[in-house]
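Below: one structure, written as structure tokens.
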Amino acid sequence: MSREKVTAVFDVWAQDGKADELEEHHGNVVEQVIEAMQLQPGEKVLDLGCGNGWATRTIAKSNAGVQAIGIDASPQMIARADELHSYTIRARYDFCPFEELDFKDEEFDRLFSMEAIYYSSDLPQALSEAHRVLKPGARVDVLLDYYKENEPSERWSELLGIPMNFLDADGWRQAFEQAGFVNVTLERVVDTRGPGDESAFEPDEWYPDWATKVRSHEAGTLWIRAEKAS
Ligand SMILES: C[S@@+](CC[C@H](N)C(=O)[O-])C[C@H]1O[C@@H](n2cnc3c(N)ncnc32)[C@H](O)[C@@H]1O
Numbered sequence: 035m036s037r038e039k040v041t042a043v044f045d046v047w048a049q050d051g052k053a054d055e056l057e058e059h060h061g062n063v064v065e066q067v068i069e070a071m072q073l074q075p076g077e078k079v080l081d082l083g084c085g086n087g088w089a090t091r092t093i094a095k096s097n098a099g100v101q102a103i104g105i106d107a108s109p110q111m112i113a114r115a116d117e118l119h120s121y122t123i124r125a126r127y128d129f130c131p132f133e134e135l136d137f138k139d140e141e142f143d144r145l146f147s148m149e150a151i152y153y154s155s156d157l158p159q160a161l162s163e164a165h166r167v168l169k170p171g172a173r174v175d176v177l178l179d180y181y182k183e184n185e186p187s188e189r190w191s192e193l194l195g196i197p198m199n200f201l202d203a204d205g206w207r208q209a210f211e212q213a214g215f216v217n218v219t220l221e222r223v224v225d226t227r228g229p230g231d232e233s234a235f236e237p238d239e240w241y242p243d244w245a246t247k248v249r250s251h252e253a254g255t256l257w258i259r260a261e262k263a264s
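Take 35 as the starting number for the sequence shown in this note's numbering and just add one per residue.
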């Protein structure tokens, strides 16, 4: 798969404002998961595919003493994250692809990722790199809306014009296990705000009708939890 093509798409999202809309779309689910992660002071968290860095900042803001580092392969996303940065929190954003993480072995206590890992041009390599940079016993929380059981997401790769890893929940479990992770569990997180307001719904290429929007909302976000063995 071509990483350059993926990066080009997200450079545009960073510049045309689409990246800044993602916090509104995903904020509720991410807040539920960040709260459940129960991060501890002193922990260093890696946010894989941080985009404009809103979740990286949420992690650092809502957990005193936690350091959050977001990485992304789109230079424009990292530039936008730097623009939005708050100097009162312990967060930073680095340009770096999943497949070649520019960090030492066993550097991070936790790993978080929202709607990003399925864009990898080499998923086994990306997961193996994630495993490498985590300390023994470190926990992983990865969130995805693009997975087979969320049937309306099936067309996303075609709509974006880029290749993407479309797996079912069991395929994701196997991919994490093959990378060396243990205790892999999967559940769904549903946005507590509901699917939105039907009277305000406007069909688009992603959700051509209200029923599709509701189906996708009900499928929820796939939450993959895993650990690096101690
Ligand atoms: C849909 S955006 C999500 C961004 C952010 N997590 C959020 O929720 O707003 C996916 C992000 O993954 C990044 N990405 C895709 N493939 C990547 C790769 N191979 N290495 C690093 N980042 C990548 C993109 O540049 C993009 O910023």
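Glycine included, C-beta positions come from ideal geometry on N, C-alpha and C.
Cα atoms of E38 and N199: separation of roughly 16 Å, rounded to the nearest angstrom. Proximity to D81 across M111, Y127 and A263 peaks at Y127, based on C-alpha coordinates. By the neighbour-count criterion, in which 16 or more other beta carbons inside 10 Å mark a residue as buried, V40 falls on the buried side.
Here the alpha carbon of E65 sits roughly 13 Å from the alpha carbon of V176.
For the beta strand (DSSP E) assignment, the uninterrupted runs of no fewer than 3 residues enclosed by the stretch 58-118 are, from N- to C-terminal side, 78-82 and 101-106. Beta-bridge partners of E221 (DSSP): W257. Within its own chain, the residues whose Cβ lies closer than 6 Å to the Cβ of T255, once the five positions on either side in sequence are excluded, are V63, L177, D179 and V223, listed in chain order. When distances are taken from the beta-carbon of M111 to the heavy atoms of ligand 1, the shortest one is below 7 Å.
When DSSP states are grouped into helix, strand and coil, D54 belongs to the helix group.
Scanning the stretch 174-228 for uninterrupted alpha helix (DSSP H) segments of 4 residues or longer gives 190-194 and 203-212, listed from N- to C-terminal end. For P197, the closest C-alpha among the options K95, I151 and A260 is that of I151. Counting along the chain, the unbroken alpha helix (DSSP H) around L161 starts and ends at L157 to R166. Put simply, the stretch 143-158 does not touch the stretch 234-246. Fewer than three CB pairs are less than 8 Å apart. Taking 8 Å as the cut-off, the beta carbon of R91 is found no closer than this to the beta carbon of I112. Per DSSP, the unbroken beta strand (DSSP E) holding A125 starts and ends at A125 to F129. Per DSSP, the unbroken beta strand (DSSP E) holding L145 starts and ends at F142 to M148. Remark: the C-beta of V67 is outside contact range of ligand 1, defined as less than 7 Å to any heavy atom. By DSSP's assignment, K262 forms a beta bridge with F215. In the displayed model, K247 falls within a helix according to three-state DSSP.
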